[in-house]
Structure formats: structure tokens, C-alpha cells
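The structure appears below as C-alpha cells.
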Amino acid sequence: MSIRKRPLLLCLTSVKNEDKLEFSKIVEAIKANFNDKFDKHWKKWGGGIMGSKSQAKTKAKERLLAKEAAQRMSCASKL
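Structure, rendered in C-alpha cells:
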């Protein structure tokens, strides 16, 4: 075990025969509470909300792309 208050990992090299039944119950509880609920506990960051700086950069990029598209259309119509 580590020195931390809440260990992140535990490695067992062997289990006594008399403890295997209890150990299998612990393993099933761990699988049910952590491994099988991985998607449920997955963090969703941001929620699609951008800050003011990111919004300004996105708007500037959209304006630049719109300007380039307008230039392409005007060049294509001249041909």
C-alpha cells in the first residue's frame, strides 16, 4: 500500500485459500461500483460554454472564413 490516505492502486500477489470466497465478493463489489460504472462517472468538461476570449477568437475566425468564401465566390463569378 502507498503512504497516501486514499490509495489508488492495490496489488496482491497471492490470496490464501480460506480467504478466496471473501476476496471474490470484494472483487465483485469493486467491479460493480467502479469498473461497470466508468461511463457514468466520466467527467464532462465545459458543457460547450466558452469564455469571452474563446468566443472572440471563434467569431474572428468565422468572419475570416466568411470573407475568404465571399472572395472565392466573387472570383468564381468573374470567370
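In the UniProt record's numbering, the protein residues as written are 1 to 79.
Ideal Cβ placement from N, Cα and C applies to all residues, glycine included.
Asked, Found
"If you draw a straight line from the alpha carbon of Leu12 to that of Lys59, how long is it in whole angstroms?", "55 Å"
"Could you spell out the range, first to last residue, of the alpha helix (DSSP H) harbouring Lys57?", "52–78"
"Quick check on Val27: does DSSP put it in helix, strand or coil?", "helix"
"Give every residue of the same chain whose Cβ lies closer than 8 Å to the Cβ of Trp42, excluding the five residues on either side of it in the sequence, and list them in chain order.", "none"
"Specify the secondary structure class of Asp36 as computed by DSSP and reduced to three states.", "coil"
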